[in-house]
Ligand code: FES
Ligand code: FES
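Chains as they are written, first to last, in the numbering used here: chain G, 5 to 164; chain S, 12 to 783.
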């Protein structure tokens with residue numbers, strides 16, 4: 005067992021894990037943060053996407069021990085403490101960007117990162133980045149629309 | 012206020028968006044982990060099966076021998092030469108496909124269970140496997156199951172008298188033979204379950220990622236010979252199903268058996284490899300069509316020879332007949348087919364069994380008949396839309412060649428609308444110009460109908476031992492005025508909580524927020540079927556409407572008593588019971604009905620509970636899909652430039668949700684047309700065991716999907732809604748491949764296999780020069 009210290013959504017964590025435990029399993033099983041989902045565990049679907057030191061990572065491809073000292077952000081950190089949805093989450097609901105919801109946390113975290121990039125987002129960049137993840141239900145159109153609307157709302161959208 | 016027809020945001024969404032959904036893998040945390048030892052070979056005899064010499068504390072190894080007395084899975088069908096193949100929950104003698112579960116390993120963690128599986132002793136004497144139609148149907152081929160001679164598990168045939176003469180007399184006979192690649196529904200969340208023993212009651216609670224919780228309960232109780240009342244099945248949040256999660260596959264009875272025997276909590280979470288090789292597949296079919304047309308392009312006779320690979324077993328409760336028999340019954344689709352002859356066979360092979368997947372056989376038969384129409388159009392010198400127009404049903408109700416009643420629909424209107432939107436002449440000019448530059452554009456059409464919302468009679472006609480169909484809804488108004496509706500259906504992403512609340516809200520004059528839809532728990536919902544076959548909104552929605560109308564009636568009678576008027580004078584709206592100038596809040600009425608029953612009981616009895624049942628005969632949605640693609644001749648790569656859907660699903664309850672269903676379905680259909688295929692090596696080893704091999708598309712491959720609605724209100728359903736869950740995936744393969752064939756027409760080739768992957772397209776045109 006190895007001790008790992010890191011923060012999740014701003015809260016300090018200290019857990020003891022087997023070195024082979026993935027970051028995804030560590031978040032889910034040791035931190036109780038089950039919002040991060042596993043759709044493949046081999047790095048293709050992106051359902052497990054979280055932000056690690058500001059960058060999106062596939063948490064199924066990162067070992068928990070690699071998170072030592074890292075700042076992790078997960079879907080549970082997006083809404084306000086009272087549960088109020090943030091701009092991006094609201095756009096997903098308004099644009100019907102989710103059906104079964106299994107891919108949603110991964111898309112939300114990927115899009116969170118995208119919207120925070122200072123160069124802004126245009127149509128080409130939007131498609132390029134969101135093509136990282138898989139959704140089986142929506143056909144993607146409404147996921148793209150949701151992120152587009154959120155980008156417009158926070159004024160980082162660039163007409164291509 | 013009318014709620015039906017509005018783009019109401021889904022009440023399902025906020026918890027899912029906060030990461031607060033509860034899916035099976037979330038419930039599994041802390042349970043004893045179960046992993047399965049799976050067969051590495053397609054066919055063989057089990058010689059030895061032993062756990063590791065040293066089993067750590069808390070670990071268990073369970074084989075079929077330990078589960079003696081448990082019945083094999085054996086779904087039944089009473090016609091069509093059906094061979095009742097039995098599937099042992101865990102086999103003790105033979106294995107029949109790569110990935111078949113042979114034994115269960117239990118450990119405190121999944122990782123440890125997998126470690127232990129590495130050192131189990133499994134000795135199998137491999138035998139020659141039967142893989143693919145040719146191997147299975149060769150005379151003298153080894154038999155997958157001795158009970159099924161010739162490896163045919165089910166066979167249906169229709170051949171009206173005089174058929175051959177009708178075909179022979181046709182001015183033109185057009186043939187088309189094709190293959191459809193094997194698919195996986197591939198829900199993003201795999202299957203999985205958590206079975207927990209309750210010491211206080213002796214009951215088991217199984218939480219499963221399932222589409223049919225009531226059937227799972229009945230089926231498992233039968234297999235294990237346990238009291239059904241001792242089993243509660245819950246479908247919590249379910250990460251997609253698309254048909255794959257209808258099946259009662261062996262892992263679930265093993266979990267329940269473990270929980271009962273060892274009085275604990277056991278969880279299995281399917282991994283992606285298991286999902287792709289051992290969950291359930293679909294649509295591995297080969298069809299040969301012959302059609303006779305008169306000189307004007309009218310279809311006179313259609314003959315179909317259908318082969319469906321059903322894998323190694325028959326899945327409960329749908330049976331392995333579901334694909335071949337649906338193809339048999341529904342091939343003529345929206346077309347007038349005066350003479351129809353068909354033979355459909357389900358062929359056993361040493362591969363993963365088949366379960367329904369969104370559209371079941373209809374993407375395949377629509378592909379067949381729509382390619383055939385294009386071929387015939389070319390032979391007859393007609394435009395693709397024109398030959399369709401000449402053959403589509405245009406008077407309703409119509410009767411199909413197999414006796415199905417086609418209710419009021421808009422087959423020709425949908426086609427006309429699509430042609431209008433597309434501006435075909437402009438496209439043809441663009442296509443012409445592009446060809447001059449060596450670029451190949453194509454336009455493809457797909458016109459189809461989708462049998463939806465069919466109840467008991469339709470399923471009974473198939474002669475299945477388990478006949479699905481009806482839905483029951485228990486509705487009750489609480490003393491607070493809130494409404495609970497308990498439904499037998501079990502949604503998994505369709506937004507049924509929202510749409511059903513819209514239907515009920517309108518009947519009761521309430522806000523949808525006051526209505527809770529309770530589903531997916533056998534302890535809390537009436538016996539019912541589930542969400543599949545585009546039925547939940549039609550049948551579950553119909554039952555909600557019936558139940559809500561009864562409750563509304565009761566509320567009107569109660570209000571009439573208190574407002575001193577006739578029930579017929581009472582209207583329920585905006586949360587009030589209104590009679591002329593007098594009114595009272597419905598919530599106050601609800602309180603009095605429960606807590607001051609002496610005021611009301613002689614008018615309405617003692618509670619505000621009602622039941623609604625609905626069992627319709629079925630209806631047909633319809634659509635015309637059109638695709639414009641560009642095929643890159645050098646690489647065989649296909650880009651979908653435009654995708655248009657004109658569809659008619661009757662009354663739309665929530666347009667936002669309806670469009671989402673269409674978009675998702677089309678994306679799966681495009682995937683089916685271009686990308687995804689489950690591939691086996693000749694020895695029965697699956698070669699597509701990861702998502703990187705199965706290649707589902709991302710948003711880079713799926714275009715914007717343009718949707719236009721027509722709304723034909725037929726008498727066939729009480730809500731006017733026709734159901735549209737599967738249509739998207741039904742129409743897309745034909746539209747896309749017709750477009751590819753149109754694009755490649757200068758090369759004089761014809762696409763007869765899908766997915767139309769780049770290597771397949773390259774193989775077609777390699778060495779051919781385009782005609783100028
Ligand atoms: S679960 Fe990590 S990429 Fe699929
Ligand atoms: S909403 Fe189901 S996988 Fe995306």
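For glycine and all other residues, C-beta sits at the position ideal for the given N, C-alpha and C.
Min CB distance residue i to chain G below 9 angstroms
i              : result
residue 713(S) : yes
residue 198(S) : yes
residue 701(S) : yes
residue 784(S) : Any question about residue 784(S) goes unanswered here, given that chain S covers just 12 to 783.
residue 36(S)  : yes
residue 697(S) : no
Proximal residues of chain S, C-beta to C-beta of residue i below 7 angstroms
i              : result
residue 45(G)  : 282, 283
residue 33(G)  : 40
residue 109(G) : 30
residue 11(G)  : Those within 7 angstroms of residue 11(G) in chain S number zero; the least Cβ separation is about 17 angstroms.
Min CB distance residue i to chain S below 9 angstroms
i              : result
residue 136(G) : yes
residue 83(G)  : yes
residue 52(G)  : no
residue 48(G)  : yes
residue 132(G) : yes
residue 67(G)  : no
Residue i beta carbon near ligand 1 (any heavy atom closer than 8 angstroms)
i              : result
residue 45(G)  : yes
residue 619(S) : no
residue 28(G)  : yes
residue 28(S)  : no
residue 702(S) : yes
residue 710(S) : no
residue 64(G)  : yes
residue 42(G)  : yes
residue 635(S) : no
residue 133(G) : no
Residue i: CB within 8 angstroms of a non-hydrogen atom of ligand 2
i              : result
residue 672(S) : no
residue 52(G)  : no
residue 139(G) : yes
residue 111(S) : no
residue 426(S) : no
residue 102(G) : yes
residue 106(G) : yes
residue 148(G) : no
Residues that residue i bridges to, as DSSP identifies them
i              : result
residue 359(S) : 322(S)
residue 278(S) : 44(S), 205(S)
residue 156(G) : Answer is none; residue 156(G) lacks a bridge partner.
residue 633(S) : 460(S), 659(S)
residue 79(G)  : Answer by DSSP bridge pairing: none, since residue 79(G) is not bridged.
residue 354(S) : 168(S), 316(S)
residue 511(S) : DSSP lists no partner for residue 511(S).
residue 53(G)  : 62(G)
residue 691(S) : 697(S)
residue 243(S) : 216(S)
Contact set between residue i and chain G, taken where Cβ atoms lie within less than 7 angstroms
i              : result
residue 20(S)  : 97, 98
residue 678(S) : 143, 144
residue 342(S) : Chain G residues near residue 342(S): none, gap ~27 angstroms exceeds 7 angstroms.
9 angstroms Cβ cut-off: residues of chain S touching residue i
i              : result
residue 62(G)  : Under the 9 angstroms cutoff, chain S gives no residues; its nearest Cβ is about 12 angstroms from residue 62(G).
residue 158(G) : Under the 9 angstroms cutoff, chain S gives no residues; its nearest Cβ is about 17 angstroms from residue 158(G).
Residues that residue i contacts on chain S, provided the C-beta gap is smaller than 8 angstroms
i              : result
residue 105(G) : 23, 24, 27, 28, 32, 248, 250, 504
Practice item. Check whether the stretch 168 to 183 of chain S touches the stretch 261 to 273 of chain S, counting contact only when three or more Cβ pairs, one atom from each stretch, lie closer than 8 angstroms. Key: no
Point to revise | Segment contact flag, the stretch 104 to 117 of chain G with the stretch 6 to 19 of chain G, C-beta cutoff 8 angstroms, min 3 pairs | key: no
Check your understanding: If you pair each beta-carbon of the stretch 340 to 352 of chain S with each one of the stretch 22 to 35 of chain S, do three or more pairs fall below 8 angstroms?
Key -> no
Review point. Does the stretch 76 to 91 of chain G touch the stretch 131 to 147 of chain G, meaning 3 or more C-beta pairs lie closer than 8 angstroms?
Key: no
Review point. Would you say the stretch 23 to 34 of chain G touches the stretch 680 to 692 of chain S, given that touching needs at least three Cβ pairs under 8 angstroms?
Key: no
Review point. Does the stretch 67 to 81 of chain S come close enough to the stretch 700 to 714 of chain S that 3 or more CB-CB pairs lie under 8 angstroms?
Key: no
Review point. Any contact of the stretch 546 to 554 of chain S with the stretch 723 to 739 of chain S, i.e. 3+ C-beta pairs under 8 angstroms?
Key: yes
Practice item. Answer yes if the stretch 277 to 289 of chain S comes into contact with the stretch 194 to 205 of chain S, meaning at least three C-beta pairs across the two stretches below 8 angstroms, and no otherwise. Key: yes
Review point. Would you say the stretch 221 to 228 of chain S touches the stretch 499 to 510 of chain S, given that touching needs at least three Cβ pairs under 8 angstroms?
Key: yes
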